[in-house]
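Colleague: Pasting a structure below so you can have a look.
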Amino acid sequence: MGILVPVLGYLLSRTRPSANNLDPTLVGSVTDFPVGTGKVVAVNDKPVILVNTKAGDIKAFSAICTHLGYIVDYKKEKGVIHSPCHDGLFNPVTGAVVGGPPPRPLPAYELWIKDAKVYVGRPLGKIYGT
Numbered sequence: 011m012g013i014l015v016p017v018l019g020y021l022l023s024r025t026r027p028s029a030n031n032l033d034p035t036l037v038g039s040v041t042d043f044p045v046g047t048g049k050v051v052a053v054n055d056k057p058v059i060l061v062n063t064k065a066g067d068i069k070a071f072s073a074i075c076t077h078l079g080y081i082v083d084y085k086k087e088k089g090v091i092h093s094p095c096h097d098g099l100f101n102p103v104t105g106a107v108v109g110g111p112p113p114r115p116l117p118a119y120e121l122w123i124k125d126a127k128v129y130v131g132r133p134l135g136k137i138y139g140t
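Heads up: the sequence shown at position 49 corresponds to 59 in my numbering, and the numbers run straight through without jumps.
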């Protein structure tokens with residue numbers, strides 16, 4: 011019986027939702043994210059940038075720059091996600107750093123499209139400041 015309590019506690023804790031296992035958040039319809047645009051939305055009190063570089067290929071990344079935590083935006087004319095602090099630049103398809111001082115790529119978020127609605131789930135990497 012002495013070992014049963016810690017084992018049950020461990021097993022039960024593995025089935026509880028964690029901060030990284032949150033329900034998807036409805037952020038809009040596909041028409042809210044037209045081709046060639048980027049838009050910052052709030053997901054679980056965190057800024058997330060959604061970029062649609064081509065029809066039906068919407069990507070979601072943390073909108074917090076990995077350099078100093080500034081909020082990024084999308085620069086269609088340059089085809090990059092841009093951080094206003096020190097001109098950090100990120101690839102809008104992969105989140106990879108393509109210029110400036112950011113030390114890491116922007117972490118991606120889970121994203122689903124169902125019935126023309128766009129849902130964002132949990133981050134797939136460490137978010138700056140967390």
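We put the CB at the ideal spot given by N, CA and C, even for glycine.
Just verifying my parser: in three-state terms, what is the DSSP assignment at Y20?
Modeller: In the sequence shown, residue 20 corresponds to position 10, counting from 1. At Y20 the pLDDT is 37, less than 50, meaning the model places this residue with poor confidence; the figure from the coordinates comes in the next sentence. Helix at Y20.
Colleague: Do you know how far the Cα of I59 is from the Cα of V50?
Modeller: Within the sequence shown, the letter at position 40 stands for residue 50. Within the sequence shown, the letter at position 49 stands for residue 59. Rounded to the nearest angstrom, the two C-alpha atoms are 4 Å apart.
Colleague: How big is the Cα-Cα spacing for P34 and G110?
Modeller: Start at 1 with the first residue of the sequence shown, and residue 34 comes out as number 24. Start at 1 with the first residue of the sequence shown, and residue 110 comes out as number 100. Going from the Cα of P34 to the Cα of G110 covers about 32 Å.
Colleague: What's the gap between the Cα of K127 and the Cα of P113?
Modeller: On the sequence shown, position 117 is the one that residue 127 refers to. On the sequence shown, position 103 is the one that residue 113 refers to. Each residue's alpha carbon lies about 33 Å from the other.
Colleague: Given this structure, state the Cα-to-Cα distance separating H77 from P115, to the nearest angstrom.
Modeller: Here residue 77 corresponds to residue number 67 of the sequence shown, with the count starting at 1. Here residue 115 corresponds to residue number 105 of the sequence shown, with the count starting at 1. The straight-line gap from Cα to Cα measures roughly 10 Å.
Colleague: Report the three-state DSSP secondary structure of T47 (helix, strand or coil).
Modeller: As a position in the sequence shown, residue 47 is number 37, starting the count at 1. Reduced to three states, the DSSP call for T47 is strand.
Colleague: Based on DSSP bridge pairs, tell me the residues matched to A70.
Modeller: Position 60 of the sequence shown, counted from the first residue, corresponds to residue 70. In the DSSP output, where bridge partners are listed per residue, A70 has L60.
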